[in-house]
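Residue numbers -11 to 112, in the working numbering, belong to the letters of the sequence shown in order. Ideal Cβ positions, reconstructed from N, Cα and C, are used throughout, including at glycine. Everything on this sheet refers to the single structure shown next.
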Amino acid sequence: MKKTDRVSFFRTPFFTLVSNLLLAYVAFMLCRIIFVWYNWDAFAGSLNDRNLVISLIRGSLRFDTAGILYLLLPYIALMLLPLHFKETRGFHIFMKCLFIVAVCAGIVANSCDAVYFPSTGCRS
């Protein structure tokens, strides 16, 4: 594989999509850590069991996958469609704005859960 082949791979829409999805997972996982930290009193006793923590992480990844797919479905569809105008600067700016707005909406929803959890006792 030539150096130019590697550089061109990192500029493909598929690689951009995968890297942005991983970035969204990191953002949602940070929100989950902040949620647990903010509501530590509610979880402190139950987080001593290793199997329960693994189960919670597995469930949170499932929940994050569903949330990311719902939020980013238009972004994912537009990135995977073979459209000729995907190479324009305006399209790249639009896609970047779409990604940022969708992920920020998810982060705001997760942040609201951290604040309202003590009063409701469940996540929304």
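Tell me the residue span of the alpha helix (DSSP H) that contains Lys84. Residue numbering aside, residue 84 sits at position 96 when the sequence shown is read from its first letter. Counting along the chain, the alpha helix (DSSP H) containing Lys84 begins and ends at Arg77 to Thr108.
Beta-carbon proximity check, Phe82 vs Phe73, cutoff 8 angstroms: Your numbering for residue 82 matches position 94 in the sequence shown. Your numbering for residue 73 matches position 85 in the sequence shown. No. Outside cutoff.
Under 8 angstroms by Cβ, that's how I've got Leu60 and Ala12 pegged, so tell me the actual separation to the nearest angstrom. The residue labelled residue 60 in the question sits at position 72 within the sequence shown. The residue labelled residue 12 in the question sits at position 24 within the sequence shown. With a Cβ gap of about 7 angstroms, Leu60 and Ala12 count as contacting.
Excluding five sequence neighbours on each side, which residues of the same chain lie with their C-beta closer than 6 angstroms to the C-beta of Ala30? Taking the sequence shown and counting its residues from 1, the one referred to as residue 30 is at position 42. Excluding positions up to five away in sequence, the list is empty.
Contact under 8 angstroms by Cβ, Phe161 with Ile56: There is no way to answer for residue 161, as the model of the chain reaches only from -11 to 112.
On the three-state DSSP scale, how would you describe Arg(-1)? As a working note, residue -1 is residue 11 in the sequence shown. Arg(-1): coil per DSSP, three-state reduction.
Hey, how far is the Cα of Ala32 from the Cα of Arg20? In the sequence shown, counting from the first residue as 1, residue 32 sits at position 44. In the sequence shown, counting from the first residue as 1, residue 20 sits at position 32. Each residue's alpha carbon lies about 15 angstroms from the other.
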